[in-house]
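Q: As you go down the protein sequences, you meet chains H, A and F in turn. Add 1028 to a position in the first sequence, counting from 1, and you land on the number used in my numbering. Add 1122 to a position in the second sequence, counting from 1, and you land on the number used in my numbering. If you count the third sequence from 1, position 466 lands on 462 in my numbering, and the numbers rise without skipping. Quick reminder that beta carbons are idealized off the backbone N, C-alpha and C, glycines included. The model shown is predicted, which means the values in this text are computed figures rather than measured ones.
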Amino acid sequence: MGRDILARVIYGARVSLTVGIAAMLVATLIGVVIGLLAGFYGGLLENGLLRFTDMNLSLPAILLAIAFAAVMDGRIIHLHPAALPWHFLDVRLERGMVSLFLIIGFVSWPGMVRVVRGQVLEVKERPFVEAARALGASNTRLIWRHVLPNILPTIIVLAAMNTANTILLEAGLGYLGIGVPEPAATWGSMIADGQPYFVTAPHIVIVPGIAILVTVLALNLLGQGLQDAMETRRQ
Amino acid sequence: MIRRLLMRIFWSFMTLLATAVLTFLLVNVVPGDAAHLIAGPKASPEVIAQIRETYHFDDPLIVRLGHYLAQLAHGDLGQSYVTEQPVTQAILTRLPTTAALSAIAVVMWMVIAVPLGVLTARFRGSWFDRGTLIIATVSLSLPAFWLARMMQYWLAYKLGWFPVALFRGFGHLLLPGMVLAILFIGYYARLIHTNMCEVLESDYIRTARAKGVSEQAVHFKHALRNAMIPVVTILGMDVAGLLGGVLFVENVFALPGIGTLAVQSVFNLDVPIIMGTVLFSAMLVVFANLVVDILYRWIDPRIQAAF
Amino acid sequence: MIPKLARFSIALLLCARIALGAGAPEGAQPQAPKRGGVLRLDTSSDIHSLDPTAIYSAFEGIVGYMVYRSLLDFDQNENLIPMLAETLPQISADRLTYTFPLRRGVRFSNGREVVADDWVYSIERHLDPRNNSSYSNYYINITGATAFKEAREKEQLAGAASPRAPRTIEPKTVAGLRAIDRHTLQIHLERPDAIFSDVLATPVSFVVPREEVERLGGAFAAHPVGCGPFVLAEWSPGRSIRLDRNPNYFRTGEPHLDHVDIAIGPDAATEIMMFERGELDYVPMVSSADYLRLKRSPTLRNCMYPLVGGDVIYISLNCELPPFNDARVRRAMNHAVDKQRILKTMLNRGSVAHGLLTPVNKSYNEKMAPYPYDPDKARELLAEAGYAKGFETELVVAADSELFMKAALVVQRDLAAVGVKVEFKKIQGQALYIGQKRKTVSMEVWDWSPNFSDPEDTLNVLVNGERITDDGCNNTAFYSSDKVNRLFHMGSAEFDPSKRLRIYQRIEEQVFDDAPYLFLIQVDSDELHQPWLKGVKPRAIWPSRLENAWIDR
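1) Quick one: what's got a C-beta closer than 7 Å to Leu181/F's C-beta in the same chain, skipping five residues either side?
2) Out of Gln1386/A, Asn1348/A, Leu1313/A and Leu1391/A, state which residue places its alpha-carbon closest to the alpha-carbon of Ile1356/A.
3) Applying a beta-carbon distance threshold of less than 7 Å, which residues of chain A neighbour Val1135/H?
4) Does the distance from the CB of Val170/F to the CB of Glu120/F come in under 8 Å?
5) Please name the residue in Thr1194/H, Ser1166/H and Ala1229/H whose C-alpha comes closest to that of Leu1130/H.
6) By DSSP, does Leu1377/A sit in helix, in strand, or in coil?
7) Indicate whether Gly1398/A and Gly1200/A have their beta-carbon atoms separated by less than 8 Å.
8) Report the residue from Ile338/F, Ile165/F and Ser232/F whose alpha carbon sits nearest the alpha carbon of Glu151/F.
9) Under a Cβ-count criterion, where at least 16 other Cβ atoms within 10 Å of its own Cβ denotes burial, should Ser1263/A be classed as buried or exposed?
10) Span of the alpha helix (DSSP H) holding Pro1218/A?
11) Comparing the C-beta of Ser283/F with each C-beta of chain H, is any distance below 8 Å?
12) My output table needs one value for His184/F: the three-state DSSP class, helix, strand or coil.
13) Is Val393/F helix, strand or coil by DSSP?
14) What residues from chain A crowd round Pro557/F, counting only those whose CB sits closer than 8 Å?
15) Express the C-alpha separation of Val325/F and Thr389/F in angstroms, rounding to a whole number.
16) Is the segment 1178 to 1187 of chain H close to the segment 1054 to 1066 of chain H, with three or more CB pairs under 8 Å?
17) Going by beta-carbon coordinates alone, are Asp277/F and Ser445/F separated by less than 8 Å?
18) Does the beta carbon of Phe1226/H sit closer than 8 Å to a beta carbon anywhere in chain A?
19) Please report the distance separating the alpha-carbon of Phe246/F from that of Val34/F.
20) Have a look at Ala1051/H, Val1244/H, Leu1064/H and Leu1245/H and flag the residue whose alpha-carbon is nearest the alpha-carbon of Val1144/H.
21) Label Asp90/F either buried or exposed according to how many other C-beta atoms from any shown protein chain fall within 10 Å of its C-beta, with 16 as the threshold for buried.
22) Look at Ala374/F and Ala332/F and say whether their C-beta atoms are less than 8 Å apart.
23) Could you give the DSSP three-state label for Gln27/F: helix, strand or coil?
24) Can you pull the chain H neighbours of Asp90/F, defined as C-beta to C-beta under 7 Å?
25) Are there 16 or more other CB atoms within 10 angstroms of the CB of His350/F, so buried, or fewer, so exposed?
26) Who are the neighbours of Thr1220/A on chain F, taking C-beta pairs under 8 Å?
27) Counting pairs of Cβ atoms below 8 Å between the segment 494 to 514 of chain F and the segment 36 to 43 of chain F, do you hit three or more?
28) Could you tell me the boundaries of the alpha helix (DSSP H) in which Thr472/F lies?
29) Out of Leu68/F, Glu462/F, His184/F and Asn106/F, point me to the one whose CA is closest to Leu92/F's CA.
30) So, at 7 Å on beta carbons, what are the nonlocal neighbours of Arg1036/H in its own chain, with the 5 sequence-adjacent residues on each side left out?
31) Confirm, please, whether the CB-CB distance from Cys299/F to Leu524/F is below 8 Å.
32) Which residues in chain H sit within 7 Å of Phe1306/A, going by Cβ to Cβ distance?
33) Note down, in chain order, all residues in the segment 1234 to 1250 of chain A with a beta-carbon under 9 Å from any beta-carbon belonging to chain H.
34) Using a cut-off of 7 Å between C-beta atoms, extract the partners of Asp520/F located in chain H.
35) In its own chain, which residues sit with a C-beta less than 8 Å from the C-beta of Ala489/F, not counting the 5 before and 5 after it?
36) Taking C-alpha atoms, which residue in Val304/F, Pro262/F, Ala413/F and Glu82/F lies nearest to Ser66/F?
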């Protein structure tokens, strides 16, 4: 029984980590783009984007994820007008790994924006950026060649900590039963499935939980470590 | 000052409005099954047609959005599909439980996080500081539902120090409160630590030290007050995060709060309640932010808070 | 009315049950009930309605029995006894007329006395289509019932949507339902019906007061008024239910309990922890996961009371939709699954099912063997039917039932081995009961608890082709066989016990051949009572009756 659980936990790591990392990529992509645009262009765009971000921040991630997941009951959304039979524009909302990491990605990007924006603001003022601008570099070039590479360390730290978050979210959704469907095993759904046996065999719940804890802890420590390293390098 | 305040309130309102629209769109993209859900398993086609009319299911999306917002303006969040109870009532009857649980948790973690934050700033770099950092990181990495189950199992079931579940008195909120507190202690202890460290470097403190104020007073009277201000801000914004933890804790301990309502409504596909809880929590967060922002500026008018 | 053989075997079962529970301190010495105290129960999901036209789940039944009373009842040996009737009915020689003398002095909780007209009203409610009763079939055999139902349907189409609307179309009453005087009820049937009296001993015959139903309308489901030992004091949806003693209850001195507190929400793990810590008084079913641990505990083993399962777990195979419209495919399904393995996950407590009945049913034929586990034969049958490459299908399963999920997982694995790919559709809560299953659901895991031990109850619901409806149909296999339907006609009019048994056994044999369901297992389980909970009345069929319990501390 013991070896069985361990095997399942390792197998479950595959799904949990895949979803976690995929969600992080989605969140990072959105968060960085928005933070970048806000910080770089400033003015009305910045204002608008920041407000939009704040709006999203006020929605509790898990509740929003639950609401999304509730909608994923196999229905089909027709993105084309009824008259035109462009069925390739039909989206089927089903629970599965893809919809799950999209959902989690969509609810976790707001946390990144302010940090990215802050970094962009800082980098923007640096002398070499001013110099490049004076030499007539276009905005796009400035962003790609100068700003982005310099905020990369920050992004990596954020990514690490965001992954920690997405894994916790995925576990939570799996626990509630609205994560990846059977028979795929994720740590969250393993805990949920193990609950009826919990009192007699507590290790069924203890072990996957420790797996989650250890993974998330490792990611958080990694993020903190990287952050410290960056700060000492700056000094 | 007044103008800034009004602007702030205006933006809060816009945020709420946008949230309402977003939530509505999210959940109402295809209304097909809703009529069946409301009617129940044995309804005839006539009953279903009637329901479609009452709820305007066949109207275009814009019209339905309009109806929804109009209802919202009256404080009407609709009716549960399952029990026909008004959503507002369903949420308000459960609010006290969630509020009590949250309050107990906040008190518990502050009581521990504040001293921890101050002391680790005082003895910065020591083993105590590093040890607390590790423990704090562990606390942030704990899955809420797992921690709740573990503590329920060991402290309530095995040792019998607390009741296992249900809300039969305030004593029943102690263990759930502890679980929540443990989840957030790490974050707040470190936050206070970081702020304290920053403040301790500031001119204000240097002046105080130069004036001969005792170390004790420097830390507790002057630095702490300044360090706490951002903490209060974060606390306000963190209502969203808190609700996330509350959801799982209420679920495990079978407490009749908003969290359990949200979870039940997902299983029942009770769309008005799902929307209602999301909207309500958004409202709480926006309101909390607003209050905190106002307090913040009132406490420290020197600080020019960027909007 | 119950044949000697069946009575004997049921008595044996109950003796076994009492003997197995003999560790309990109750033993043979009945103690004097103590007045006062609170019974604490819990349920993982909320109940939907306490209107007798809609009571569906086992838990709704438990609460129903606290708030209402029926005309007749069953005693511990499954014999019919009078409840709100003074005596068992006088049945005419042609078996078509039932006369019930009613008990005097029975009052609804609003104070008014229960009279024969109340029964007429309560039964009419089931027949009026506007009340959406799940149980109209039980009364359709009353003379004039069909005409009454059709008249009300016409009124509904004409716009009178509420059952409270004045009746305009004839017949305005059911001809065969007569209140001869205040305390005599007479019912006349179209055809002889061997189980009609049994039906009147189930929640289908709960009596309700007209003035309260009309005053409350739809709200009656959440604010029921009956003449049972308790009154619904408070129902906080999704949170809790509280029942208070009914001061107007007709049996003086009863009920013993002051209140019943029901908590809504705890899941299985929380429930068992609460029970072991003394926070709950009764648990209706112990999960197999906890069984061994509880049995080994010197204190907890005395709390366990075994129950022989009255329900078979099955998977319905929609006979109207391909590929299950081919009997060979259905038989292949039955051969493909290793049902013994499912039983093993339940610690082998129970038996593999050969049909839809269990040992608590009177006509249970222990000589019938279940489909043998034979994956080769399954593949052969599938190839014969043209599915040599297998097929894909979707299985609907209730996510919060540990038992259903376990069974579903084994089925999924075994069917995959013969080329049938099964995908789960997990649903919970309200979503379980909605939807036009006829056109959309191919396979669903379900079970059916009989209301009484006569097999007609279970089989009528599950395999009677003439009872199929588009919505809310429990014959989720949508199975209809002319031969079986004819046998049903014969059976319902057959009063001779041994002939009845034979007819229903023949139905079972045909159903076995046609395999409209993937027959899985029947599970035995245990109830848990705290040592201080006394007076619980065990029953072989429904969950135990708790209304007359008392707390002794």
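A: Reading it off the structure:
1) Phe96, Leu98, Ala112, Trp115 and Ala175
2) Leu1313/A
3) Within chain A, no residue comes near Val1135/H; the closest Cβ sits about 10 Å away, beyond 7 Å.
4) yes
5) Thr1194/H
6) coil
7) yes
8) Ile165/F
9) buried
10) Val1209 to Arg1244
11) yes
12) strand
13) strand
14) Here chain F comprises residues numbered -3 to 549, so residue 557/F is not present and cannot be evaluated.
15) 13 Å
16) yes
17) no
18) yes
19) 21 Å
20) Leu1064/H
21) exposed
22) yes
23) coil
24) Near Asp90/F there are no residues of chain H at all, since even the closest Cβ is about 54 Å away, more than 7 Å.
25) buried
26) Within chain F, no residue comes near Thr1220/A; the closest Cβ sits about 13 Å away, beyond 8 Å.
27) no
28) Unbroken run through Thr472/F: none, as it is neither H nor E.
29) His184/F
30) Ala1213 and Met1218
31) yes
32) Near Phe1306/A there are no residues of chain H at all, since even the closest Cβ is about 13 Å away, more than 7 Å.
33) none
34) Here the premise fails: no neighbours, minimum Cβ distance about 17 Å.
35) Arg187, Pro188, Asp189 and Ala190
36) Glu82/F
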